[in-house]
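Residue numbers (my numbering): 315 to 539.
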């Protein structure tokens, strides 16, 4: 009679199930996006009610995307943002996921937008709490500011070659970044957002097959904050 090692079955089944779950979604990957707050000085902005954030990259969002460059959005209006589900995360979100919209606010509108537009499209993998927790976990894995400063790239208004910024981030983080820029009052490129690609579980960084249009010049200002 054939016998089975049930201890092994208990380990393998969940892992196999999760592996299938991650590749069977209605999107192909996530963009994990962080933004530098310094360029907001050139625009209308307000600090959050919790005070001026640290001079560091903050989370913008975790966005499901397709390999053809399009993306799903507003996938489930019947599952709106509910802050009561993430009360244990609010303190960390205020630090890592600040808002600069006016009038000064506590971030609820920003976080609600991210869940309603993007998070609901990943709900088959990540419920609301898991979505925000996964995003915060990704933030802990990458220290963009340290990677840039290690390469001598400082947020002090200096202009740096775009290629050098990308190389510094890849050397420090291990993955090729997408970089987007805003224009300052003089029309110069300012460092704005950094994109990484993440698997459909929302847990592991992967190399990107495509990036958004960065709108960056060959030299980019890294503004102070």
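Even for Gly, the Cβ is constructed at its ideal location relative to N, Cα and C.
According to DSSP, residues forming a beta bridge with residue i
{"i": "residue 378", "result": "344"}
{"i": "residue 372", "result": "349"}
{"i": "residue 446", "result": "DSSP lists no partner for residue 446."}
{"i": "residue 495", "result": "505"}
{"i": "residue 472", "result": "536"}
{"i": "residue 510", "result": "346"}
{"i": "residue 520", "result": "511"}
Supposed close pair residue i, residue j - CB separation, criterion 8 Å
{"i": "residue 537", "j": "residue 504", "result": "5 Å"}
{"i": "residue 439", "j": "residue 516", "result": "7 Å"}
{"i": "residue 461", "j": "residue 480", "result": "So it is not a contact: roughly 11 Å between Cβ atoms."}
{"i": "residue 490", "j": "residue 533", "result": "In fact, because the Cβ distance is near 20 Å, the residues do not count as touching under 8 Å."}
Residue i - DSSP class collapsed to helix/strand/coil
{"i": "residue 536", "result": "strand"}
{"i": "residue 424", "result": "helix"}
{"i": "residue 404", "result": "helix"}
{"i": "residue 467", "result": "coil"}
{"i": "residue 436", "result": "helix"}
{"i": "residue 330", "result": "Confidence at residue 330 is low in this model, with a pLDDT of 36, below 50, so the placement of that residue is unreliable and no value is reported for it."}
Assigned exposure category for residue i - 16 Cβ within 10 Å defines buried
{"i": "residue 492", "result": "buried"}
{"i": "residue 390", "result": "exposed"}
{"i": "residue 433", "result": "buried"}
{"i": "residue 524", "result": "exposed"}
{"i": "residue 499", "result": "exposed"}
{"i": "residue 436", "result": "buried"}
{"i": "residue 469", "result": "buried"}
{"i": "residue 353", "result": "buried"}
{"i": "residue 368", "result": "exposed"}
{"i": "residue 351", "result": "buried"}
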